[in-house]
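Numbering (mature numbering (1 follows the signal peptide of the UniProt record, and there is no 0)), first residue to last: -25 to -1, 1 to 239.
Virtual Cβ for every residue (Gly too), placed ideally from N, Cα, C.
Structure first, commentary second.
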């Protein structure tokens, strides 16, 4: 998968913006409250700043633990809400994706309508996305990434995160299509034509906008000819020619259909 470095840069900039507001609020509001309240706020402030300092120094694991401590020691403080989100971010930056997802989900369960909820959903989606493995592996994580990215587009279509989610959704669909193609080609090499055709048909029906669609149509043409249904092969080749007339896959399909044309 590509685009990961830029995703980290973007998520870091957004997290930096999230940090600024509570620090300014703490500094601005400290002078007009009672002494004991200022003492508690100062204690929370110290703890939060320690977490932020570790984060700024790239010590993400320690930062996450300190942000978790803010929430644990001061669960009813306004800082706790922000600490949950910053904990999720810190775990994400440390590539500890499971605790990142858990922290973000905890934030959403307690503050579903918070203005930073879109960012929490974005962190969840990125945490799944970063774990996508090559097409030879199980694709459960890929499907979870697809669902999480789709959730962002569905819930916040006009947010700053939706455009990136849509881009990543295209990449995820291409990845899932690649998995179907891998399995289909395996069946085809084993002369299991029916099983192969089912996989290639899946790509044509569900992932027709991906880069794998032209090859899938060609492979379907091959499978249908091998299964003895030349009319279906002709249909697949025709769709391939109509949509990808200049591709190497159409050229191969055309030659294949000519080779199997009935004698006059």
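Option nearest residue i by Cα separation, candidates the options
i	options	result
residue 69	130, 58, 227 and 30	30
residue 52	73, 72, 74 and 22	22
residue 227	202, 205 and 189	189
residue 107	99, 118, 97 and 98	118
residue 235	196, 55 and 218	196
residue 62	80, 84 and 38	38
residue 158	147, 210 and 173	173
residue 73	209, 221 and 100	100
residue 126	94, 210 and 60	94
residue 243	130, 168 and 185	For the chain, the structure presents residues -25 to 239; residue 243 sits outside this window and is missing.
residue 136	91, 34 and 213	91
residue 209	233, 71 and 162	233
Contacts around residue i, its chain only, beta-carbon distance under 6 Å, and the 5 residues preceding and following it disregarded
i	result
residue 8	Per-residue confidence for residue 8 stands at a pLDDT of 33, beneath the threshold of 50, marking its modelled position as unreliable; the derived number appears in the next sentence. Nothing meets the Cβ criterion.
residue 89	none
residue 40	none
residue 201	168
residue 140	124, 127 and 128
Spatial distance of residue i from residue j (CA atoms)
i	j	result
residue 114	residue 77	21 Å
residue 86	residue 183	38 Å
residue 199	residue 164	14 Å
residue 102	residue 66	9 Å
residue 112	residue 79	26 Å
residue 50	residue 32	26 Å
residue 27	residue 191	50 Å
residue 44	residue 120	29 Å
residue 146	residue 170	25 Å
residue 20	residue 46	12 Å
residue 142	residue 18	43 Å
residue 42	residue 144	31 Å
residue 250	residue 97	Because the chain in this structure spans residues -25 to 239, residue 250 falls outside the shown range and cannot be described.
residue 54	residue 129	29 Å
residue 205	residue 175	16 Å
residue 48	residue 25	14 Å
residue 240	residue 230	Lying outside -25 to 239, the shown extent of the chain, residue 240 is not represented and no answer is given.
residue 219	residue 133	33 Å
residue 75	residue 64	7 Å
residue 161	residue 36	42 Å
Proximal residues to residue i (C-beta, below 8 Å), its chain only, five neighbours per side dropped
i	result
residue 246	With the chain running from -25 to 239 in the structure shown, residue 246 is simply not present.
residue 217	none
residue 81	59
residue 241	Nothing can be reported for residue 241: it is not among the residues displayed for the chain, which extend from -25 to 239.
Alpha helix (DSSP H) segment containing residue i, residue limits
i	result
residue 262	What is shown of the chain runs -25 to 239, which leaves residue 262 out entirely.
residue 20	10 to 31
residue 104	92 to 104
Sequence-distant residues of its chain with Cβ nearer than 7 Å to residue i (five each side left out)
i	result
residue 193	215, 224, 227 and 228
residue 207	199
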